[in-house]
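Some notes on the structure that comes next.
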Amino acid sequence: MELEEIGDEETLSGAALAVVLLGAIEAHRLHIKRQKAKRLYLCCPQLLRDPRGATPWQVLYRSRNDRAYITTMGFDVTTFHAILDAGFDYAWNTTPIPRDDAVGTGETRPGARSLDASGALGLLLHYLNSTMREISLQQIFALIPTTISRYITFGLNILLTVLRGMSAAAIDWPRHLDHFRAYNDLIVASHSRLTGVFASIDGLNLACQTSDDEEIENATYNGWLCEHFVSSVLVFSPKGFYLVADTAFPRGTKQIEGKIKAPIKSGQRMRGTIDEIQARLAFDRELLSYRQTAEWGMCSLQGSFGRLRIPLEIGRQTERGDLLEICVRLNKVRAELVGINQICTVYMPLWKQTRDEEEIWANFENMLFSEQRRSDRVTTLQFTSQWIS
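Right under this line is the structure:
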């Protein structure tokens, strides 16, 4: 009798345990089902099986088509492989990928990685040259989110190291007066009144996230634009030369007096003789025309690297600085090796060989800046001059 009661209790306990387990399994299944409905990323079953197989990236890579490469990555086939050969291929295949769950001192296994070196570089350039979400990168490269994130973080560090060693990516400042004079000669050939100019300058405001730190939040907030930005200006000027800027740059302090010149503000009073004012206006027109080069530079940088249009992570200062350096150096590589450089196109082959081309230069600033002048939000719409006899 006692044995039967013990057997019944064990049966009941086993049944109760089974019910609990089934309930837990069902609850877990329902939880996963609800989570799947909210997922904003793709998993392996929704992706192509082999990232090194017939993925959209592999089709693009094997096409060896310059137009397709430039459209998606900003570089032609030759330049893409030049970056690989400059050390990216070697570093990708010999450097262990840092992981929290593994020791980083072991030998690498490049064959076991989802992407080879060319695929990794392609992933980085797709990432930098667009504002696309990671889900699009998943579809193009057939990778899950964690792999995408890990490869981008790891690959950007390698790419920065490689670019720092490439001569085509070097950011050089003229070191001797002969270099400054050579640049000025190119400019004066098209703008005869701009003796002393060697470069143009423009500020670069990059959107950033809002910081929880009140001091950083106040430092990055732009009241005029009502958004948070990281502002960047990097420039020096030697004695006897000056930069061309817009009216937003300060030019009155003794330290930079005469180093930066900008067009006349609308509504600014001008004093002098008729000849003096006419000469100043003629100089101003050439100054305004040449300042377009700064706009070309900024448009080239932000237009080529769509990632800079996405708010930067305010709490990751080192990564933010690395991203900016990578984009600036890649922009230099693009100008040097691909040849997409509006400033070089305009100033290096001396434009003005015919009367028609001379007329184009004479009216250059009217063609390029009419809209900017019309929409000027700060200054008034007319010049006010005082004539002195």
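40 is the number of the first residue of the sequence shown in our numbering; add one for each residue after it. Backbone N, C-alpha and C fix where the C-beta goes; we use that ideal spot for every residue, glycine too.
- Message: Please return the same chain residues whose Cβ sits closer than 7 Å to the Cβ of T134, not counting the five positions on each side in sequence.
- Response: T147, I197
- Query: Which word fits E352, buried or exposed, when buried means at least 16 other C-beta atoms lie within 10 angstroms of its C-beta?
  - Reply: exposed
- Mind checking which residues open and close the alpha helix (DSSP H) that includes G311? It is not in any alpha helix (DSSP H) - G311 instead sits in the beta strand (DSSP E) that spans 308 to 311.
- Query: Apart from the five residues on each side of it in sequence, which residues of its chain come closer than 8 Å, Cβ to Cβ, to T170?
  - Reply: G345, R346, R348, I349
- Any idea if L56 is buried or exposed, counting beta-carbon neighbours within 10 angstroms, 16 or more meaning buried? exposed
- Query: Which one of R91, H215, L86 has the shortest CA to CA distance from S175?
  - Reply: L86
- F114 in three-state terms, based on DSSP: coil
- Evaluate V201 with the Cβ neighbour count: other Cβ atoms within 10 Å of its Cβ, from every protein chain shown; 16 or more gives buried, anything less gives exposed. buried
- Message: Please classify N370 as buried or exposed, where buried requires at least 16 neighbouring CB atoms within 10 angstroms.
- Response: buried
- Close-in-space but distant-in-sequence residues of the same chain around P213 (CB under 6 Å, 5 per side omitted): F219
- Query: Rounded to the nearest angstrom, how far is the Cβ of A159 from that of W131, given a contact under 8 Å?
  - Reply: 5 Å
- Query: Among residues of its own chain, excluding the 5 on either side of R189, which ones have a beta-carbon nearer than 7 Å to its beta-carbon?
  - Reply: I136
- Task: Provide the residue span of the alpha helix (DSSP H) that contains F219, from first to last.
- Result: 216 to 227
- Query: Hey, C247 and T259: beta-carbon distance below 8 Å or not?
  - Reply: yes
- Task: With a threshold of 16 other CB atoms inside 10 Å of the CB of E256, please say whether the residue is buried or exposed.
- Result: exposed
- Of the residues V116, T110, W96, G92, the one placed nearest R103, counting alpha carbons only: V116
- Item | Where the beta strand (DSSP E) through N244 begins and ends | 243 to 246
- As assigned by DSSP and simplified to three states, the class of F268: strand
- Query: Between H165 and I316, what straight-line distance do the alpha-carbon atoms span, to the nearest angstrom?
  - Reply: 51 Å
- Can you give the Cα-Cα distance for A121 and L162, rounded to whole angstroms? 16 Å
- Message: Here's a check: name, in chain order, each residue in its chain whose Cβ is nearer than 7 Å to the Cβ of S153, leaving out the five neighbours to either side.
- Response: P90, L182, T186
- Query: Using CA coordinates, which residue listed in N168, R172, A125, A66 is at the minimum distance from A156?
  - Reply: A125
- Item | Buried or exposed (CB count within 10 angstroms, at least 16 for buried), G262 | exposed
- Task: Report the option in A374, E358, V372, E364 whose CA atom is closest to the CA atom of F193.
- Result: E358
- Pick helix, strand or coil for F237, following the three-state DSSP scheme. strand
- Task: Please report the residue range of the alpha helix (DSSP H) in which N168 lies.
- Result: Looking at the DSSP string, N168 is not in any alpha helix (DSSP H), and its letter there is neither H nor E.
- Message: Between V367 and I210, how many whole angstroms is the CB-CB distance? I'm expecting something under 8 Å.
- Response: 7 Å
- Please go through the same chain and pick out, in chain order, the residues whose beta-carbon is closer than 6 Å to the beta-carbon of Y222, but skip the five residues on each side of it. F237
- Query: Within 10 angstroms of its Cβ, does F403 collect 16 or more other Cβ (buried), or is it exposed?
  - Reply: Its pLDDT being 44, under 50, F403 is placed unreliably in this model, and the value from its coordinates should be taken loosely. It counts as buried.
- Message: Measuring only the C-alpha atoms, how far is Q97 from F180?
- Response: 8 Å
- Item | Assumed close pair T332, S239 - CB separation to whole angstroms, cut-off 8 Å | 5 Å
- Contained alpha helix (DSSP H) runs [length at least 4] in the stretch 90 to 138, N- to C-terminal order: 95 to 102, 105 to 112, 116 to 122, 128 to 133
- Give the single residue among A321, V269, W335 whose Cα lies nearest to the Cα of D241. W335
- Message: Which of the three DSSP states is assigned to I187 in this structure?
- Response: helix
- Query: What residues in its chain sit with their C-beta under 6 Å from that of I226, if we drop five residues either side in the sequence?
  - Reply: L233, V236
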